[in-house]
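Position 175 of the sequence shown, counted from 1, bears residue number 174 in numbering that gives the first Met the number 0, the numbering being contiguous throughout.
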Amino acid sequence: MTDWQTRQTAHRAGTALGDEHLYFDTAAAAPPSAAAVEAAVEYLGQTSRTGPYLPSLRSAVYTRVEKIRAEVAAFVQAAPEELAFTRNGTESICLVARGLRWRAGDEIVVPDTEMLSNIAIWRLLEQEVGVRVVTVEGGHTGVLDPARVRDAITDRTRLVTFAALSNVTGAVQPVREICEVAAQHGVLSHVNAAQALGMMPVGFEEWRCDFISACSRKGLRGIEGSGILAVREHLLESLTPTLVGWWNASVDESSGEIRFPHSARRFEAGSPNVPAILALGAAVETAAGLGIEAIHDRVRELTRHAANRLRSIPGAQLYGPDDDSNRLGILPSTSTGSTRANSPSRSSAAASSSRPATSWPRRSSPPTASSAWPGPRCTISTPPTRSTAWFWRSTQREEPANDPRTPNEQLQEGRPRLSRARVRPAAHRARRHQPPSALHPLRGRLLLV
Ligand SMILES: Cc1ncc(COP(=O)(O)O)c(C=O)c1O
C-alpha cells in the first residue's frame, strides 16, 4: 500500500455512515468526517465540564482558532489576515455584497446558473440601491465563456460573481480566465467556492480573484455552521463590516469613532463559532494531509467513471458539460422508463419516449463493492430544472412505512422527514424501504466510494 492509500484508508475509516445508510451527496452537504466531528465534540465536552470561559481554556482556544485561521488561509493561498470565519457560504457572499459601497447604476455580472445565495442578495441590492444585475448565459453545458463575460462588462461594471463549481450543472468554470478578464477591465471578482472547497485547488494564486466565499460542510467535510471569506489584503478597507460588535470593533474614546482591525477579522462579530472552527481546522488538516491535488485527481476519476456508467443506462440522460473534464463530482441527470422495466425492450422503449423522466432503470445484480476512496463524494444532483438535494435513508426508522407522503409533500406540510428532501420521482418512493442491495448499483458505487 502506498503512503497515500494508507492515509485514504484511515480517512475512510473515519466515515461513519454504517451499513444501514446510503448517502447521496446531492450537491448539498457531505457527511462530516470523524475528525471534524471529534474536534467539535471534544471542545463542547470540555465546555460542559469547566464552562467555556475558564481563562486557561479560553486562551488555549483562541490560540488554536488563530492557528486554524493560518492553516485555512494557507489552504486557500491567502494570508491569515485575509481570512474571516463565517457561518456559511451565504453569509460570506452577503458580507461582500453588503460591504462594497454601491452607487445606483453599478453593474454586477452574474451567470444564469447560480444558486440562490449568489443571486438573492444582488437582486436585493437592485431594489435597495439601484444596482443592475447583468446575467451571462452558461449555455447548454453550463460552462461560462470568458469572452461572454468580457462582452457583459461595461464601464459601469463593478463586480463579476460566480461559482467555481456549479451545484446546478456540475460545471467547473474557467475561473482564472474569467478573473483575468475582470481584472483587465478594472472589475472586482468574487468566486463562490461553496462546492469547490475540498474538491479541487481553491485560492488566490490559483484563481487571481479578489474575494473567495465558501462553506465547509460540502466537499471539505466539515460540520454545518462554518464558512470562510477570503478578502485580498488591499481590499480589506474597501468592505464595510456588516456585522459589528465585540470581537471585531472598538470605540475610540476621544472621537467616538468605531474602529476595526486591519484584517479579515473585521468581518467577524460577536462570539466565534468555536466548535465549527475547530471542525473546520480538522477538515482542512485532513484534506491538506491527503493533498488537494490527489483529492482532485481522484474525484475527477470518479466523475468520469460515474458519467460513463450513467451514459450506459438506457434512457438516462446526463446534463452539463459535454467534456467530462469540465465536470467535477456533480452529475445532473434524468432517466426515462420504469423501475419495473428491467427488460431491454422496455428500457429502450422508455429511452425513446419523450415522457418526462420519473425513475431509474433497475439492474438485477446488487451493488458491487467499490474502491476505498474516503474523500469527497461524487454527487448526483437532480436536473437543472429541479431542486437539488435529497438524502436517501434506506431504513424505515425515520420514515414510517405508513406515511405515504413524498418528501415534497412533507416539506410543504412543514414536517420534512428527509433532510432537504425535495425531489423524488414516484419510483423512488416505491423503493425507499428496500434494502441498499436492491438499489441501482450506481447509487451504491457513488455513495460508498
Ligand atoms: C453553489 C453554492 N453557492 C452557495 C451555497 C450556499 O452555501 P451555504 O449553504 O453554506 O450558505 C451553496 C450551498 O448550499 C452552493 O451550492
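Backbone N, C-alpha and C define an ideal beta-carbon position, used for all residues, glycine too.
Run through DSSP, which three-state label would residue i get?
i	result
Ile-257	strand
Gly-169	coil
Gly-244	coil
Thr-62	helix
Arg-157	strand
Gly-88	helix
Pro-110	strand
Ser-324	helix
Ala-426	Note on Ala-426: pLDDT 31, under 50, position unreliable in the model; no value is reported.
Ser-270	coil
His-10	helix
Leu-196	strand
Ser-212	strand
Ile-118	coil
Val-186	coil
Val-130	coil
Ser-55	helix
Ser-332	strand
Ser-249	strand
Leu-277	helix
Thr-5	helix
Leu-99	coil
Val-135	strand
Met-0	coil
Leu-16	coil
Ala-162	strand
Ala-151	helix
Leu-43	helix
Leu-82	strand
Throw me the rounded Cβ distance for the residue i and residue j pair, which I believe falls under 8 Å.
i	j	result
Gln-172	Leu-143	5 Å
Leu-277	Tyr-61	Wrong, their Cβ atoms sit about 12 Å apart, outside the cutoff.
Leu-164	Met-198	7 Å
Pro-271	Trp-246	7 Å
Ile-222	Ala-39	6 Å
Thr-241	Arg-97	4 Å
Gly-224	Arg-86	6 Å
Arg-68	Pro-79	5 Å
Thr-81	Arg-258	In the sequence under discussion, the amino acid at residue 81 is Glu, which differs from the Thr named in the question. The pair is not a contact, with the Cβ atoms about 19 Å apart (cut-off 8 Å).
Leu-523	Leu-99	Because the chain here runs from 0 to 448, residue 523 falls outside it and cannot be looked at.
On the criterion of 16 or more Cβ atoms from any shown chain inside 10 Å, does residue i qualify as buried, or is it exposed?
i	result
Glu-252	exposed
Pro-117	Sequence inspection shows Asn at residue 117; the Pro mentioned does not correspond to that position. So Asn-117 ends up on the buried side.
Met-114	buried
Gln-7	buried
Trp-456	Here the chain has residues from 0 to 448 only, and residue 456 is not among them.
Asn-341	Residue placement at Asn-341 cannot be trusted, given a pLDDT of 36 that sits under 50; what the coordinates show is reported in the next sentence. By the 10 Å Cβ count, Asn-341 comes out exposed.
Pro-54	exposed
Ile-177	buried
Glu-256	exposed
Asp-322	exposed
Tyr-52	exposed
Asp-209	buried
Ala-250	The displayed chain sequence assigns Val, not Ala, to residue 250. By the neighbour-count rule (16 or more Cβ atoms within 10 Å), Val-250 is not buried but exposed.
Gly-88	buried
His-295	buried
Thr-1	exposed
Arg-297	buried
Glu-90	buried
Arg-157	buried
Gln-194	buried
Gly-50	exposed
Ser-262	buried
Under a CB-based cut-off of 8 Å, is residue i close to chain B?
i	result
Val-273	Here there is only one protein chain, and chain B is not present.
Runs of beta strand (DSSP E) wholly within the segment 280-317 (minimum 3 residues, chain order): 315-317
Touch test, the segment 189-208 against the segment 121-140, Cβ-Cβ under 8 Å, three pairs minimum: no
contact_flag[the segment 200-219, the segment 70-85] where n(CB pairs < 8 Å) is 3 or more: Taking 8 Å as the limit for Cβ pairs, the verdict is that the segment 70-85 does touch the segment 200-219.
Cβ contact check for the segment 261-268 and the segment 123-134: 3 or more pairs under 8 Å: no
Inter-stretch contact (C-beta, 8 Å, three-pair minimum) for the segment 5-17 and the segment 29-37: yes
Residue ranges of each beta strand (DSSP E) within the segment 215-240, 3 or longer: 226-230
Three-pair Cβ contact test at 8 Å for the segment 296-311 versus the segment 207-216: no
Stretch-stretch touch, CB-based, cutoff 8 Å, three pairs: the segment 153-170 with the segment 323-338: yes
Stretch pair the segment 144-163 + the segment 87-106: three plus CB contacts closer than 8 Å: Three or more Cβ pairs closer than 8 Å define a contact, and the segment 144-163 meets that threshold against the segment 87-106.
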